[in-house]
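First comes the structure, then the notes that go with it.
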Amino acid sequence: MKTVREKLDALSKAAWLSETLADEVVRCQACAHRCHIQPGRRGICQMRYNREGQLYAPWGYVAAANVDPIEKKPFMHFLPGSAALTFGMLGCNFHCDFCQNWVSSQTLRDPAADGSINYIQPISPQELIDYGVRHGAQVVASSYNEPLITTEWAVEIFKAAKEKGLRCVYVSNGYATPEALQALAPYLDGYKIDLKCWSDTRYRELGGSLQVVLDTIRRAHDLGMWVEVVTLVIPGFNDSNEDLWESARYLASVSVDIPWHVTAFHPMYKRLDGQRTETTTLQRAAEIGQEAGLRYVYAGNLPGRVGSLEDTHCPACGRLLVQRAGFSVLANHISAQGTCPDCGQEIAGVWS
Ligand code: SF4
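The numbers in the working numbering rise by one with no breaks, and the one at position 61 of the sequence shown is 65.
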């Protein structure tokens with residue numbers, strides 16, 4: 005009987021986001037941990053490993069594939085109402101104790117998650133994209149677990165997606181290297197990044213660092229990717245006015261057109277006794293974002309309870325442009341040129 009590790013390693017391929025050092029040691033370039041990995045050892049994510057001086061990365065499978073509304077990723081300014089073929093693999097470079105997808109993200113890092121090996125379906129990029137096209141997808145999204153750790157596989161899928169005219173997006177924690185972003189730049193049209201808090205100490209508890217994520221937000225934007233940022237607002241963790249102000253000010257310094265999603269937490273994984281986020285907290289966070297100058301702030305995970313904070317309004321004349329209920333688009337008045345039909349204001353985003 006094969007172990008979980010052996011089953012995963014049977015679905016892997018030589019990785020090119022890698023540097024070979026002396027004595028068959030490799031340095032992984034897929035995420036900012038930049039693991040130095042000895043022969044026979046694995047990186048922090050447990051998914052990339054060194055076999056006889058060669059780095060190997062996951063390849064040739066999905067652990068989940070669904071066609072979802074793009075609003076669920078969430079993207080609000082990226083082809084509203086479109087269907088996104090969303091695929092995920094296993095593993096993560098972080099270990100957030102509030103992870104909403106921990107069963108697939110913590111494989112090999114938490115024994116309770118190892119049952120996720122049964123989710124694996126071997127598949128080729130062409131088969132996956134054909135499945136998406138048959139189900140009307142206009143976008144392909146790498147999501148559910150951390151896509152950066154499987155960037156080589158994502159690029160292969162994105163190549164097949166581009167041939168069919170699909171757009172490509174990442175749903176990621178943003179713990180990227182410049183090398184990974186450069187490799188993704190020719191394919192990636194959109195990048196959803198989590199900004200989990202404004203405290204490097206807390207980021208380190210989750211397994212990352214604040215500055216790397218801030219740099220990724222700026223780099224992805226400068227590379228021309230359409231960037232949206234999500235902060236899951238967790239009571240007692242990141243919901244202070246100071247945290248929210250600093251986050252909002254930083255985003256506004258990159259671009260006031262970056263949509264900021266402040267979303268509600270519900271108890272999950274190892275934070276089962278945590279408090280749910282109140283509507284008033286999301287409204288306070290959204291007001292801070294707006295006062296910091298961000299033009300588009302959305303409140304998520306509490307559909308129907310946050311008033312107009314699910315909708316898009318023209319930042320110039322205030323007209324309602326996109327009306328939403330949860331992940332559904334009820335009306336979209338943005339012109340094909342991406343402008344407000346009333347005042348002609350250009351609305352930042354990907355509209356056609
Ligand atoms: S993806 Fe990140 S965590 Fe995984 S091996 Fe590479 S550098 Fe390490």
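In this text, a Cβ means the ideal position worked out from N, Cα and C, and glycines have one as well. Treat the numbers as computed from the prediction; the structure is a model and nothing was measured.
Note down, in chain order, each residue of its chain lying with its Cβ closer than 7 Å to the Cβ of residue 123, except the 5 sequence neighbours on either side.
Start at 1 with the first residue of the sequence shown, and residue 123 comes out as number 119. Excluding its 5 nearest sequence neighbours in each direction, residue 123 has C-beta neighbours in its own chain below 7 Å: 67, 68 and 108, listed in chain order.
DSSP puts residue 336 in a beta bridge; with which residues?
Reading the sequence shown from its first residue, position 332 is the one you call residue 336. 326.
If I measure Cβ to Cβ from residue 120 and keep anything under 7 Å in the same chain, skipping five residues before and after, which residues do I get?
Taking the first residue of the sequence shown as 1, we reach residue 120 at position 116. If we look at residue 120 and ignore the five residues flanking it on each side, its Cβ neighbours are 67, 94, 107, 108 and 111.
Please report the straight-line C-alpha distance between residue 336 and residue 138, rounded to a whole angstrom.
Your numbering for residue 336 matches position 332 in the sequence shown. Your numbering for residue 138 matches position 134 in the sequence shown. About 25 Å.
With DSSP as the reference, label residue 124 as helix, strand or coil.
Sequence index remark: in the sequence shown, residue 124 carries index 120 (1-based). Coil at residue 124, not helix or strand.
Is any non-hydrogen atom of the ligand SF4 found closer than 7 Å to the C-beta of residue 290, if you look at the structure I gave you?
Sequence index remark: in the sequence shown, residue 290 carries index 286 (1-based). It does not: the Cβ of residue 290 is nowhere closer than 7 Å to a heavy atom of the ligand SF4.
Report the residue ranges of all beta strand (DSSP E) runs contained in full by the segment 16-51; include only those spanning at least 3 residues, in chain order.
Fully enclosed beta strand (DSSP E) runs of 3 or longer: 16-18, 22-24 and 30-32.
Is there at least one non-hydrogen atom of the ligand SF4 closer than 7 Å to the beta-carbon of residue 318?
Along the sequence shown, read from residue 1 onward, the residue named residue 318 stands at position 314. Not so, every heavy atom of the ligand SF4 lies at least 7 Å from the Cβ.
Give the straight-line distance between the Cα atoms of residue 173 and residue 73, rounded to the nearest whole angstrom.
By one-based count along the sequence shown, residue 173 stands at place 169. By one-based count along the sequence shown, residue 73 stands at place 69. Straight-line measurement puts the Cα of residue 73 at about 13 Å from the Cα of residue 173.
To the nearest angstrom, how far is the alpha carbon of residue 79 from that of residue 53?
Residue 79 sits at position 75 when you count from the first residue of the sequence shown. Residue 53 sits at position 49 when you count from the first residue of the sequence shown. Using only the alpha carbons, I get a separation of about 33 Å.
Any chance the CB of residue 47 is under 7 Å from a heavy atom of the ligand SF4?
Mapped onto the sequence shown, residue 47 falls at position 43. Yes, the beta carbon of residue 47 sits closer than 7 Å to at least one heavy atom of the ligand SF4.
Since residue 196 is in the beta strand (DSSP E), which residue starts that stretch and which ends it?
Sequence index remark: in the sequence shown, residue 196 carries index 192 (1-based). 194-198 is the extent of the beta strand (DSSP E) around residue 196.
Enumerated in chain order, which unbroken segments of the beta strand (DSSP E) with a length of 3 residues or greater are wholly contained in the segment 201-278?
230-237 and 264-268
Run through the DSSP bridge pairs and tell me what residue 62 is partnered with.
By one-based count along the sequence shown, residue 62 stands at place 58. In DSSP, residue 62 forms a bridge with 16.
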